[in-house]
Every structure is written in C-alpha cells, then in structure tokens.
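Chemist: The opening position of the sequence shown corresponds to residue 68 in the working numbering, with each subsequent residue numbered one higher.
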Amino acid sequence: MSARNISFHTEDIDFVLPNKTDTRNWLVGIAGGYGLKIRSLVYIFCSDTYLHQLNVQYLDHDTLTDIITFDYNDEAGEGKVAGELYISLDRIRDNAKDHGETAEREMARVMAHGLLHLCGLKDKTDQDAAKMRSAEEQALLAWNLVKSNS
C-alpha cells in the first residue's frame, strides 16, 4: 500500500500532472498523518461540463464544483483509504484566479481536500469546515516542502 496505488487520468481534456512521483509521495504522507495507508486513489482530471454531469447524475446537485470524491473506504479494509476523485480543471483555474492563488497551489489544495474527506474529515458545519481548512493548510505546507526539494 504505497505511492504506486495512486494513479492520475483525464476525461474529456488534455492535461498532464507534473511531478507525479512527488505528488504521490505527498499524498501518502497526508494519509499517513491520519494513521492510514492508501489502498487505491484514482484522480481523474476533467472539464466543468464532465464534472457537472457527474454532480447531477450521482449527487443530484445541479451546480458546478471543483471536486467530487467517491469514497470506497468500505472496500479498502481497516486502516486504508480508497476512492475516485474527479477534479475540474476549469474550476481550479477560476478559483485560483478568484483567490489570487496559482493554479498549481489550488490544484494541490483540491487534491488534498478530496483525500482529507477520505481520511474522515468533513466540511458541512462551520466547525468541521474550519478543521478542513486547517488540514488543507497543513497539506499545502507539506506540498511547499516537496516542491522546494524537487
């Protein structure tokens, strides 16, 4: 159960995630911080249109979103996480611009956000959302270290 259990794919767009090895190791570190191992993580990068269709079809939400995480932890086994995480590059770019962030940093935040959900964090209440933001910031600090060492 390691970095080799993390894969990156695309649907309906052309995109290549840079630094895949570093990104995998960073994600393993995030899960490890919660005492968890990665059984299987599949990140799928797509457009707003593609993700909106998933949002309507599976969650009955007629809105745009940056990520949808399908949780397969029940199938992963004790102490392990598994899931499919769909990320809209359109939302990443727009959100980065809106928040004065780089697209790379926003991508890292969203990737961490999805994994943090699989690690058990929630964000529906104000208190839970504050914990999620704090965990995202911790993950981004770790990402900055990974980037500076590569």
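Built from N, CA and C at the ideal position, the CB exists for glycine as well.
Roughly how many angstroms lie between the CA atoms of aspartate 157 and tyrosine 117, to the nearest whole one?
Modeler: Cα to Cα, aspartate 157 sits roughly 10 Å from tyrosine 117.
Chemist: Tyrosine 110: buried (16+ other C-beta within 10 angstroms of its C-beta) or exposed?
Modeler: Buried, by the Cβ-count rule.
Chemist: Is isoleucine 97 buried or exposed, if buried means 16 or more other CB atoms sit within 10 Å of its CB?
Modeler: By the 10 Å Cβ count, isoleucine 97 comes out buried.
Chemist: Starting from glutamate 78, trace the alpha helix (DSSP H) in both directions and tell me its first and last residue.
Modeler: It is not in any alpha helix (DSSP H) - glutamate 78 carries neither H nor E in the DSSP assignment.
Chemist: Under the assumption that valine 213 contacts tryptophan 93 (Cβ atoms under 8 Å), give the Cβ distance between them as a whole number of angstroms.
Modeler: Indeed they touch by this definition, with Cβ atoms about 5 Å apart.
Chemist: Measuring only the C-alpha atoms, how far is glutamate 203 from histidine 76?
Modeler: Roughly 23 Å separates the two Cα atoms.
Chemist: Please specify which runs of the beta strand (DSSP E), each continuous and at least 3 residues long, are wholly inside the region 125-179, giving them in chain order.
Modeler: Whole beta strand (DSSP E) segments, 3+ residues: 134-138, 147-155.
Chemist: Might you give, ordered along the chain, the residues of its own chain that have their beta carbon closer than 6 Å to the beta carbon of threonine 192, omitting 5 neighbours on each side?
Modeler: Closer than 6 Å at the Cβ level, and outside the excluded window around threonine 192, lies no residue.
Chemist: Would a C-beta distance cut-off of 8 Å place aspartate 141 and isoleucine 159 closer than the cut-off?
Modeler: Contact flag unset, no.
Chemist: Check whether the Cβ atoms of serine 155 and aspartate 195 sit closer than 8 Å, and answer yes or no.
Modeler: No.
Chemist: Is leucine 208 helix, strand or coil when you go by DSSP?
Modeler: Leucine 208 falls in the helix class under three-state DSSP.
Chemist: I need the DSSP call for lysine 189, collapsed to helix, strand or coil.
Modeler: Reduced to three states, the DSSP call for lysine 189 is coil.
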